[in-house]
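Under this note's numbering, residues 270 to 934 are what the sequence shown spells out, in order.
In this text, a Cβ means the ideal position worked out from N, Cα and C, and glycines have one as well.
First the structure, in the form of structure tokens, and then the observations on it.
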Amino acid sequence: PRHGHRPQEEEAAVERVLLWEKSWRPCPKARRRLQGCLAFVRRQLLRVGEDWYFLCALGVLMAMISFMTDLLVFRLFEAHRWLYQEIGDYPVLKYLSWTMYPVALAAFSTGFSQSITPHSAGSGVPELQTILTGVMLEDYLSIKNFGAKVVGLTCTLACGSTVFLGKVGPYVHISAMLAAYLGKMRTSVTKEYEDKVKQNEMLVAAQAVGVAAVFGAPMSGVLFSIEVMASHFAVRDYWRGFFAATCGAFMFRLLAVFNSEQETIMALFRTDLKLDFPFDLRETFFFLALGIVCGVVACAYLFCQRWLLGYVRENRFTARLLATDKPVYTVLVVLLLASITFPPSLGQFMASQLTMKEYLVSLFDNRTWGELARGAPPGGPGHLWHAWCHPSVSFFGTLAFFLLMKFWMLILATTLPLPAGYFMPIFVYGAALGRLAGETVAALFPEGITPGRPVVPGGYALAGAAAFSGAVTHSVSTALLACEATGHLAWALPITAAVLAANAVAQKWQPSFYAGTIIVKRLPYLPPIRSRHMASYRVRVEEFMSHQVLSLAKAAAFSEVLAALTAAPGATDFPVVESAESPTLVGTVSRAELVAFLQSHSDTGEKPAGTVGDDCAVEPVMLQLSPWTSLHQTHHLFELLKLQQLFVTRGGELVGTVTRAEVRR
């Protein structure tokens, strides 16, 4: 009896100690009132909906990260520029200052990010596309990858035009990682379980925030993220993307005002394209021709980029470097690129001293360079076009040389194992392509197609940037992105025409940049069916399904369950049928249920042996395939519902299974 009262005595002693500790805390009544007020405020805030707060926090945090990164990159780039200018007229020292600075930054970016996690390299967009199809990739959304991506990307961007890499893709990845972390915080605040649907909603909004935080363009950010990231989009997520992207874009431009960079909120790449008569109607033909040219060049770019990315992984020397000494590979490639862009050598024909933003500002200039070269004095902030002029070569030659050299330099830079984006470089490349076309049209029609209405080459640069980047990424929203980033919607019609023409060519012959990367990396991503005229309607499920199906009967006991778990160690769900003689599909049972079944039953005969049908929770199968279902319909179901596996039945009997691997093959 004494031992029976001991637990009660110990509990009473613990309660007395806790009561004694609380009595020594000051102002117990005030504390209770304050806790009650905080609980009331929390209930009122959550009544509005916690989604609003977390989406706003996501947008604001991404805008702050983007702005601080831009500020730090600007300081680092200015330090490089100051070092190069102050080194004196010593060619060797100038060469070393021009090349060693980006080489050191790129090597640090590679070494630092790879030492933390190898998943931080590249843009991260192909992996996000795979995650949004329902395949979970480990560590791609972890917080340590977030830190590695931010630090590595900052060093990559500080390399400047020598490496010529951007930040759109990494910012989308960073925003997704931040959204995943905020989702975990939300579960701790609301005490609710975060399911897959909630996670996908936050990731979809994060993609739009990533684009909006770079260009300050919320509308095109949402549309671009939908086009690039999702084959199917739930309309219920539309407002989440717009709200988060608007918060991010507004905060990003507001920070520029607070930093005295601008007087008010305005477009990121502000231009002075004329609005009273932006373009002649007959110029639409030239814009369509420009779109076709951009589509052809994009096809060549996509083919060469995919080939080189695969070759680097298969070549014995480069594969060994990428496997064991990634910083060494980065040093060799960046040294080559920096040596080519050295201003006293080939760099003087490529305007290599300009930053990415200065490239776009100069190419979007509304004035005709031919007229400026004849009568404008050099110098001044509005004379960035002088970087494209050379005493012995006209700006036509420098633009053509820039396009020729940057074509293979951009492709080579995509093989670097460091955090980097690839959208901004192709945007600049397309702007240069459009500028060359615009200056050519202006030279052919000095007085304009309609006399007194001169041609504006900056409009062609805008259309070229949107068309080439849209063709490479297989998206049309780049037309709106170009208009939003420059603040000129008057050019929306010719720009959209050029983008559509470029996409018509590129989508016919090549997969997109991100789809090509998925192919080379062999990610578990379901490729799209690119044409309605393919034979996917005539291919039936029975032609590619797996006929070897490991199933369990409802009367299966300990030995059968143990054999099934041993035979399929990676399976998460097992089909349950009526019996081996009558394989009518009843449902599925999870691996966790079967493991619990093994732990609680035995076949030794000491106690009654249980069966799967009696002791396990068998979930009904809501969706089944017929052997005569077409490949096109099956592909559509896997894409729309983010499925990993479907069972095939004939007359209710289980005859096979189809996984993503079979559909992909």
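Have a look at the DSSP bridge pairing and note the partners of residue i.
i	result
T386	In DSSP, T386 forms no bridge with anything.
L821	V845
G690	G435
S815	T926
Compute the distance between the beta-carbons of residue i and residue j, then report whether it is under 7 Å.
i	j	result
V478	A513	yes
S494	Q476	yes
A751	A735	yes
G699	F737	yes
L615	I609	yes
V774	V562	no
T386	D408	yes
L912	V927	no
A449	L397	no
G517	G328	yes
P371	T553	no
A656	A620	yes
G925	H816	yes
L434	A682	yes
A730	G560	no
G429	F346	yes
A711	P726	yes
G421	S382	yes
P360	Y783	no
Helix, strand or coil: how does DSSP classify residue i here?
i	result
T553	helix
S335	helix
R722	strand
L854	strand
E583	helix
E847	coil
E979	With the chain covering 270 to 934 only, the question about residue 979 has no answer from this structure.
T515	helix
G391	strand
L894	strand
S828	helix
R807	coil
E888	strand
G703	helix
E716	coil
L685	coil
V329	helix
P371	helix
Considering only residues of the same chain and omitting the five flanking positions on each side of residue i, which have a CB-CB separation below 7 Å?
i	result
T599	A375, A376, T379, L685, P686, L687
V662	F618
V808	S899, L900
A588	R582
L749	M488, S489, L492
L341	T423
G856	V845, V887, E888, P889, V890
F714	V724
Y806	S899, H901
F511	P487, V491
H272	With a pLDDT of only 47 at H272, under 50, the local geometry of the prediction cannot be trusted, and the value read off the model is given with reservation. Excluding positions up to five away in sequence, the list is empty.
K413	I385, T386
Which two residues bound the contiguous alpha helix (DSSP H) that contains residue i?
i	result
Q776	761-778
S869	860-869
E753	747-755
L758	From DSSP, L758 is part of no alpha helix (DSSP H); its letter is neither H nor E.
S899	Per DSSP, S899 belongs to no alpha helix (DSSP H) and is neither H nor E.
W654	Premise fails: W654 is in no alpha helix (DSSP H) and is neither H nor E.
C424	412-427
P487	487-498
S631	625-632
Y359	Premise fails: Y359 is in no alpha helix (DSSP H) and is neither H nor E.
V404	Element bounds for V404: n/a, residue is neither H nor E.
T599	595-609
G785	782-790
Can you list, in chain order, the residues of its chain whose CB lies under 6 Å from that of residue i, leaving out five sequence neighbours each side?
i	result
F696	A734, S738
C306	none
R919	P896
A486	L750, E753, A754
If you follow the beta strand (DSSP E) that residue i is part of, which residue opens it and which one closes it?
i	result
V917	914-919
G925	922-928
Please go through the same chain and pick out, in chain order, the residues whose beta-carbon is closer than 8 Å to the beta-carbon of residue i, but skip the five residues on each side of it.
i	result
L923	V818, S820, P844, V846, P852, T853, L854, F916, V917
T399	L406, I787, L792, P793, Y794
Return yes when at least one heavy atom of the ligand SAH lies under 6 Å from the C-beta of residue i, else no.
i	result
M405	The ligand SAH is not part of this structure, which contains no ligands at all.
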